[in-house]
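What follows is a single structure, written as structure tokens, with notes after it.
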Amino acid sequence: MLFRSKRFSKANDDDIVIDVSEEGGIRKLHFGQDDTQSAMKLNAPNELLLAYSRCVFGSLLFLDPPKDMLLIGLGGGSIAKWVHEYLPETKLTCVELHQQVVNVARSMFFLPPDDERLSVLTADGAAHVYGMEDDSVDMIMMDAYSSTGIAAPLANADFFQACKNKLTDNGVLAVNLWSIDRKFSQYCAQIAEIFDGRLLCLPARQKGNVIAFAFMRGQNSPQWERLADKAKKLEEKYGLEFGEFVSDLAQMNPHNDRRLFI
Numbered sequence: 001m002l003f004r005s006k007r008f009s010k011a012n013d014d015d016i017v018i019d020v021s022e023e024g025g026i027r028k029l030h031f032g033q034d035d036t037q038s039a040m041k042l043n044a045p046n047e048l049l050l051a052y053s054r055c056v057f058g059s060l061l062f063l064d065p066p067k068d069m070l071l072i073g074l075g076g077g078s079i080a081k082w083v084h085e086y087l088p089e090t091k092l093t094c095v096e097l098h099q100q101v102v103n104v105a106r107s108m109f110f111l112p113p114d115d116e117r118l119s120v121l122t123a124d125g126a127a128h129v130y131g132m133e134d135d136s137v138d139m140i141m142m143d144a145y146s147s148t149g150i151a152a153p154l155a156n157a158d159f160f161q162a163c164k165n166k167l168t169d170n171g172v173l174a175v176n177l178w179s180i181d182r183k184f185s186q187y188c189a190q191i192a193e194i195f196d197g198r199l200l201c202l203p204a205r206q207k208g209n210v211i212a213f214a215f216m217r218g219q220n221s222p223q224w225e226r227l228a229d230k231a232k233k234l235e236e237k238y239g240l241e242f243g244e245f246v247s248d249l250a251q252m253n254p255h256n257d258r259r260l261f262i
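In the UniProt record's numbering, the protein residues as written are 1 to 262.
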């Protein structure tokens with residue numbers, strides 16, 4: 001074991017405190033005293049250890065892998081690394097507010113350097129979305145949570161509308177939420193209104209995380225049987241628990257015994 005806990009960055013101009021801990025072959029990123037932001041298995045650094053990060057890719061039950069994807073909030077880079085490793089046709093842009101987070105992701109969590117498929121920017125995520133002029137992407141993933149909730153510029157109807165405006169015709173917005181957040185219902189209502197009700201919530205089997213998926217197009221209310229068949233194929237290809245995702249979609253979304261309504 002290299003260390004049990006290490007304070008990597010003191011509060012500075014970035015106004016963030018980063019802690020890295022390591023135990024039992026698992027390295028974790030914490031922002032100060034916050035819960036774990038990212039976790040990495042040292043002998044399998046591209047594996048998605050945290051359940052919510054795997055749920056992000058529940059979108060593959062409905063849509064092809066994105067050609068262009070925007071990730072707001074980097075953390076230790078778990079989602080970015082998985083995309084880079086397992087979605088070779090996807091071009092990913094990550095926007096992270098704090099340069100120190102980028103530095104730690106690269107130096108201690110094996111985030112690869114920028115290349116033709118990966119670009120990591122140190123910038124404000126909301127400003128980046130508002131500033132996208134002619135660009136459009138197939139998927140926007142917002143993972144910018146902290147102990148105080150989602151940053152205000154990323155948690156309002158104007159921003160959700162801006163995300164919709166930057167999505168391709170068959171795109172999806174995915175937002176990492178906490179079901180225990182007092183504004184959880186408000187966020188879901190805002191997103192659902194902007195996306196004309198095309199919202200699915202996938203609960204992660206871990207600490208109340210919920211991934212909200214907002215689709216540009218309806219998904220023809222797929223039959224559970226068809227979703228289960230696709231889940232098997234995706235599990236074989238990617239190794240994530242897509243069958244559980246299908247079961248868990250029934251918890252929070254309109255459905256009957258034959259179909260999921262979306």
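From the three backbone atoms N, C-alpha and C, an ideal C-beta is built for every residue, glycine too.
> What's the C-alpha gap between Ser117 and Cys55?
Replying inline: Note that residue 117 is Arg in the sequence shown, not Ser. Taking C-alpha positions only, Arg117 is separated from Cys55 by approximately 22 Å.
>> Helix, strand or coil, according to DSSP, for residue 300 in the structure here?
In response: Outside the shown range of the chain (1 to 262) lies residue 300, about which nothing can therefore be said.
> Which residues bound the beta strand (DSSP E) around Leu173?
Replying inline: Taken as a continuous stretch (DSSP letters only), the beta strand (DSSP E) holding Leu173 covers Leu167 to Trp178.
>> Buried or exposed for Lys28, going by 16 or more other Cβ atoms inside 10 Å?
In response: By the neighbour-count criterion, in which a residue is buried when 16 or more other Cβ atoms sit within 10 angstroms of its Cβ, Lys28 is buried.
> What three-state label does DSSP hand Asp158 in the structure shown?
Replying inline: If DSSP states are grouped into helix, strand and coil, Asp158 belongs with the helices.
> What residues in its chain sit with their C-beta under 6 Å from that of Phe215, if we drop five residues either side in the sequence?
Replying inline: Here the set comprises Val172 and Arg198.
>> DSSP has Arg27 in a bridge; who is on the other side?
In response: Looking at the DSSP assignment, Arg27 forms a beta bridge with Glu22 and Met40.
>> Suppose you measure from the CA of Ile18 to the CA of Arg258; what does that come to, to the nearest Å?
In response: Spanning the two alpha carbons is a distance of roughly 47 Å.
> Considering only C-alpha positions, which residue in the set Lys183, Ser119, Pro203 and Ile150 is nearest to Leu249?
Replying inline: Selection Lys183, Ser119, Pro203 and Ile150 evaluated against Leu249 yields Pro203 as nearest (Cα-Cα).
> When DSSP labels each residue in this structure, what does Ser5 get in the three-state scheme?
Replying inline: In this prediction, Ser5 scores a pLDDT of 49, lower than 50, which makes its location untrustworthy; the coordinate-derived value is nonetheless stated afterwards. If DSSP states are grouped into helix, strand and coil, Ser5 belongs with the strands.
> Distance, Cα to Cα, Gly24 vs Met40?
Replying inline: Gly24 and Met40 have their C-alpha atoms spaced approximately 11 Å apart.
> Beta-carbon separation of Val120 and Met142 under 8 Å?
Replying inline: Not closer than 8 Å, so no.
>> In the DSSP output, which residue or residues are listed as bridge partners for Pro203?
In response: Pro203 has Val210 as its beta-bridge partners, per DSSP.
> Taking buried to mean at least 16 other C-beta atoms within 10 Å of its own C-beta, is Asn209 buried or exposed?
Replying inline: The residue in question, Asn209, is buried, as its Cβ has 16 or more Cβ neighbours within 10 Å.
> Should Leu240 be labelled buried (16 or more other beta-carbon atoms within 10 Å of its own) or exposed?
Replying inline: Buried, because 16 or more other Cβ atoms sit within 10 Å of the Cβ of Leu240.
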